[in-house]
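Structure first, commentary second.
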Amino acid sequence: MLLDDYNPLSGRMLTILDQDANLNEILMPQLDSAVVEKAFRTMVLSRVADDKAVILQRQGRMGTYPPNKGQEAASLGPAMTMGDRDWFVWGFRELAGLLWRGLPLEQYYLGWMGNEYGNHYDPDLRITPTSIPVASQYTYAVGLAYASRYQKENTVIFAFTGDGGTSEGDFHESLNAAGVFNLPIVFIVQNNQWAISLPRSEQTASDTIAQKAIAYGIRGIQVDGNDILAMYAASEEAAEVARNGGGPTLIEAYTYRLGNHTTSDDARRYRVEEEAKEWEARDPLNRMLKYVRSREILSEKKIESVWEWAKTLVEEAAHKAETTPPPSLDDVFRHTYESMTSNLKEQFDDMKKREESQ
């Protein structure tokens with residue numbers, strides 16, 4: 003098992019497809035060409051959509067936004083292994099995984115535009131709304147996993163946070179509870195080397211984040227987070243273990259935040275340019291592009307058409323999002339409780355009068 007061979011004490015990081023597209027054939031997961039093509043299309047769409055979101059924010063058409071660039075593989079790999087009844091509990095930079103899961107891009111945009119309809123996901127997708135407090139995602143995952151077991155569902159919860167989240171109490175409490183109750187959770191830490199402006203070296207004295215799993219009696223593994231195949235293989239095995247009663251796994255996706263923390267940040271104030279350039283050579287999308295070319299999975303003409311398809315879809319999604327009206331006053335009040343309390347009804351009536359008088 004990969005989880006045994008690459009356990010945190012081994013000092014090894016799992017890589018299957020390196021930055022030069024060299025492939026470890028022995029560890030290569032079983033993926034047919036159609037799945038690889040879909041994964042490539044999803045990564046391209048995520049990159050184009052992410053770039054568009056930054057532009058929208060700069061133009062005042064979207065709120066503060068956390069760029070995903072360079073971290074596409076870290077969420078896409080796990081998402082590709084999920085079953086229909088599994089849960090996707092995301093944090094900030096999981097756009098590629100959300101797209102694979104089936105979230106409409108315009109709905110993703112709506113959320114960052116401050117339109118609450120952006121968080122009204124199709125229940126069948128089993129995606130939770132994002133939560134700004136880092137590592138809070140892990141506490142939700144524990145609750146979902148415990149509830150799913152109570153309801154006798156064969157469900158695995160995939161939960162994401164960043165390296166900064168590992169300094170939060172929620173992270174440690176969640177791993178402890180998951181270990182004690184042997185819950186079916188795959189915890190993914192997107193270690194992008196920076197918690198806003200705090201470098202990984204000042205985040206923890208641990209050699210790896212994966213080794214934190216040992217203290218809680220659960221499995222852990224450090225994976226090249228820019229390697230879509232390694233992320234898929236590790237997640238697939240962790241999900242299988244969880245689904246068969248083997249408990250949780252902590253996956254450290256070793257990656258890098260190529261962009262700013264958010265659009266209100268300027269990483270040039272605390273990062274050296276050489277560091278970012280070094281990581282650009284490990285870009286997961288470029289790595290995937292080299293792979294589909296070297297294996298002749300896609301022709302140059304097909305690759306070009308994928309980019310054009312993504313650009314068209316992104317423009318359509320942005321237009322749909324910008325032309326979607328905000329929730330009505332009725333929606334704001336009627337979805338606070340199952341039925342409105344007398345105090346809430348009084349407030350609603352007052353606000354309704356104010357709205358009508360304007």
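Just so we're aligned, residue 3 is where the sequence shown starts under this note's numbering, counting upward by one.
A virtual CB, placed ideally from N, CA and C, is assigned to each residue, including glycine.
In this text, all values refer to a predicted model and were calculated from it rather than measured experimentally.
Which same chain residues end up closer than 7 Å to Ala320 when comparing Cβ atoms and leaving out the 5 residues on each side of it in sequence?
Stepping through the sequence shown from its first residue, residue 320 is reached at position 318. Setting aside the 5 residues that flank it on each side, Ala320 is surrounded in the same chain by Lys54, Leu58, Tyr111, each with a C-beta closer than 7 Å to its C-beta; the list follows chain order.
Quick check on Pro135: buried or exposed, where buried means 16 or more other Cβ atoms within 10 Å of its Cβ?
Position 133 of the sequence shown holds residue 135. Residue burial annotation: Pro135 is exposed, with fewer than 16 other C-beta atoms found within 10 angstroms of its C-beta.
Quick check: what's the CA-CA separation for Asn24 versus Val56?
For the purposes of this step, residue 24 is identified with residue 22 of the sequence shown, where counting begins at 1. For the purposes of this step, residue 56 is identified with residue 54 of the sequence shown, where counting begins at 1. Spanning the alpha carbons of Asn24 and Val56 requires a straight line of approximately 33 Å.
Quick check: the Cα distance between Ile18 and Gln349, rounded to an integer number of angstroms?
Here the question's residue 18 lines up with position 16 in the sequence shown. Here the question's residue 349 lines up with position 347 in the sequence shown. So the two alpha carbons sit approximately 58 Å from each other.
Whose C-beta lies closer than 8 Å to the C-beta of Thr132 among residues of the same chain, with five residues either side of it excluded?
Residue 132 sits at position 130 when you count from the first residue of the sequence shown. Result list for Thr132: Trp92, Gly93, Phe94, Gly113, Asn121, in chain order.
Assuming Leu16 and Met45 make a contact with CB atoms under 8 Å, what is their CB distance in whole Å?
As a position in the sequence shown, residue 16 is number 14, starting the count at 1. As a position in the sequence shown, residue 45 is number 43, starting the count at 1. With 8 Å as the limit, Leu16 and Met45 do not qualify as a contact, their Cβ atoms being about 19 Å apart.
Between the CA atoms of Thr210 and Gln224 - distance to the nearest angstrom:
Along the sequence shown, one-based indexing puts residue 224 at 222. Along the sequence shown, one-based indexing puts residue 210 at 208. In a straight line, the C-alpha of Gln224 is about 8 Å away from that of Thr210.
Tyr256 bridges to which residues according to DSSP?
For the purposes of this step, residue 256 is taken as the residue at position 254 of the sequence shown. For Tyr256, which the question treats as bridged, DSSP gives the partners Asn193, Asp226.
So is Met30 buried or exposed if we call it buried at 16+ other beta carbons inside 10 Å?
By one-based count along the sequence shown, residue 30 stands at place 28. By the beta-carbon neighbour count (other beta carbons within 10 angstroms, threshold 16), Met30 is exposed.
Just grab the DSSP bridge partners of Ile299 for me.
As a first step, residue 299 must be located in the sequence shown, where it is residue number 297. None, per the DSSP bridge assignment.
Identified DSSP bridge partners for Thr251:
Position 249 of the sequence shown holds residue 251. Val188, Arg221, per the DSSP bridge assignment.
Inside the segment 269–354 only - alpha helix (DSSP H) runs reaching at least 4 residues
Runs of the alpha helix (DSSP H) inside the segment 269–354: 275–282, 286–296, 302–324, 331–336.
Classification of Gln192 by the beta-carbon crowding that lies within 10 angstroms, buried from 16 upward:
Taking the first residue of the sequence shown as position 1, residue 192 is located at position 190. Around the beta carbon of Gln192, 16 or more other beta carbons lie within 10 angstroms, which makes this residue buried.
Could you tell me the distance, in whole angstroms, from the CA atom of Arg289 to the CA atom of Glu74?
The residue labelled residue 289 in the question sits at position 287 within the sequence shown. The residue labelled residue 74 in the question sits at position 72 within the sequence shown. Glu74 has its alpha-carbon roughly 11 Å from the corresponding atom of Arg289.
Please determine, among Pro68, Ser138, Gln21, Asn9, the residue with the shortest C-alpha to C-alpha distance to Asn262.
Your numbering for residue 262 matches position 260 in the sequence shown. Comparing Cα positions, the closest option is Pro68.
Hey, could you find the ends of the beta strand (DSSP E) Trp102 is sitting in?
Indexing the sequence shown from 1 puts residue 102 at position 100. No beta strand (DSSP E) holds Trp102; the alpha helix (DSSP H) holding it covers 97–103.
Relative to the alpha-carbon of Arg295, which residue among Ser35, Gly72, Leu4 has its alpha-carbon at the smallest distance?
Here residue 295 refers to the residue found at position 293 when the sequence shown is read from its first residue. The residue with the shortest Cα to Cα distance from Arg295 is Ser35.
Beta-carbon within less than 6 Å of Thr264's beta-carbon, same chain only, minus the 5 sequence neighbours each way: which residues are those?
By 1-based counting over the sequence shown, the position of residue 264 is 262. Same-chain partners within the cutoff: Thr66, Pro68.
C-beta atoms of Ala244 and Ile187 nearer than 8 Å
Residue mapping note: residue 244 aligns to position 242 of the sequence shown, counting from 1. Residue mapping note: residue 187 aligns to position 185 of the sequence shown, counting from 1. Yes, the pair counts as a contact, with Cβ atoms nearer than the cut-off.
Using a threshold of 8 Å, state whether the C-beta atoms of Ala240 and Thr257 are closer than that.
As a first step, residue 240 is located in the sequence shown; it is residue number 238 there, counting from the start. As a first step, residue 257 is located in the sequence shown; it is residue number 255 there, counting from the start. No, the Cβ-Cβ distance between Ala240 and Thr257 is not below 8 Å.
Around the C-beta of Gly116, are 16 or more other C-beta atoms found within 10 angstroms, so that it is buried, or is it exposed?
One-based indexing of the sequence shown puts residue 116 at position 114. With fewer than 16 other Cβ atoms within 10 Å, it is exposed.
Based on the DSSP output, what are the partners of Thr130 in its beta bridges?
Against the sequence shown, residue 130 aligns to sequence position 128. For Thr130, DSSP assigns no beta-bridge partner whatsoever.
Look at Pro80 and Ile190 and say whether their C-beta atoms are less than 8 Å apart.
Sequence index remark: in the sequence shown, residue 80 carries index 78 (1-based). Sequence index remark: in the sequence shown, residue 190 carries index 188 (1-based). Yes. Within cutoff.
Per DSSP, what are the beta-bridge partners of Ala161 in this structure?
The residue labelled residue 161 in the question sits at position 159 within the sequence shown. DSSP, once it has assigned bridges, lists Val91, Phe189 as partnering Ala161.
Neighbourhood of Ala255 by C-beta distance below 7 Å, restricted to the same chain and skipping five residues each side:
The residue labelled residue 255 in the question sits at position 253 within the sequence shown. Only Ala76, Ile190, Val191, Gln192, Asn193, Val225, Gly227, Met233 meet the Cβ criterion.
Can you tell me where the alpha helix (DSSP H) with Val144 in it begins and where it stops?
As a first step, residue 144 must be located in the sequence shown, where it is residue number 142. Per DSSP, Val144 is one residue of the alpha helix (DSSP H) stretching across 138–152.
Counting beta carbon pairs with one atom in the segment 82–91 and one in the segment 295–315, are three or more of them shorter than 8 Å?
These segments do not touch.
Checking 8 Å against the spacing of the C-beta atoms, do Ser176 and Tyr119 come in under that value?
By one-based count along the sequence shown, residue 176 stands at place 174. By one-based count along the sequence shown, residue 119 stands at place 117. Against a cut-off of 8 Å, the Cβ pair of Tyr119 and Ser176 comes out as no contact.
Alpha carbon to alpha carbon, what distance is there between Ser359 and Arg103?
Position 101 of the sequence shown, counting from 1, holds the residue named residue 103. Position 357 of the sequence shown, counting from 1, holds the residue named residue 359. Computed Cα separation, rounded: 44 Å.
From which residue to which residue does the alpha helix (DSSP H) around His174 run?
If you number the sequence shown from 1, residue 174 lands on position 172. Run containing His174: 171–182, per the alpha helix (DSSP H) assignment.
For Glu242 and Arg202, the rounded distance between their alpha carbons:
Within the sequence shown, residue 202 is the residue found at index 200, counting from 1. Within the sequence shown, residue 242 is the residue found at index 240, counting from 1. Each residue's Cα considered, the two are about 30 Å apart.
With distances taken Cα to Cα, identify the nearest neighbour of Asn178 among Ser199, Val144, Leu33, Leu5.
Here residue 178 corresponds to residue number 176 of the sequence shown, with the count starting at 1. Selected option, being the one with the closest Cα: Val144.
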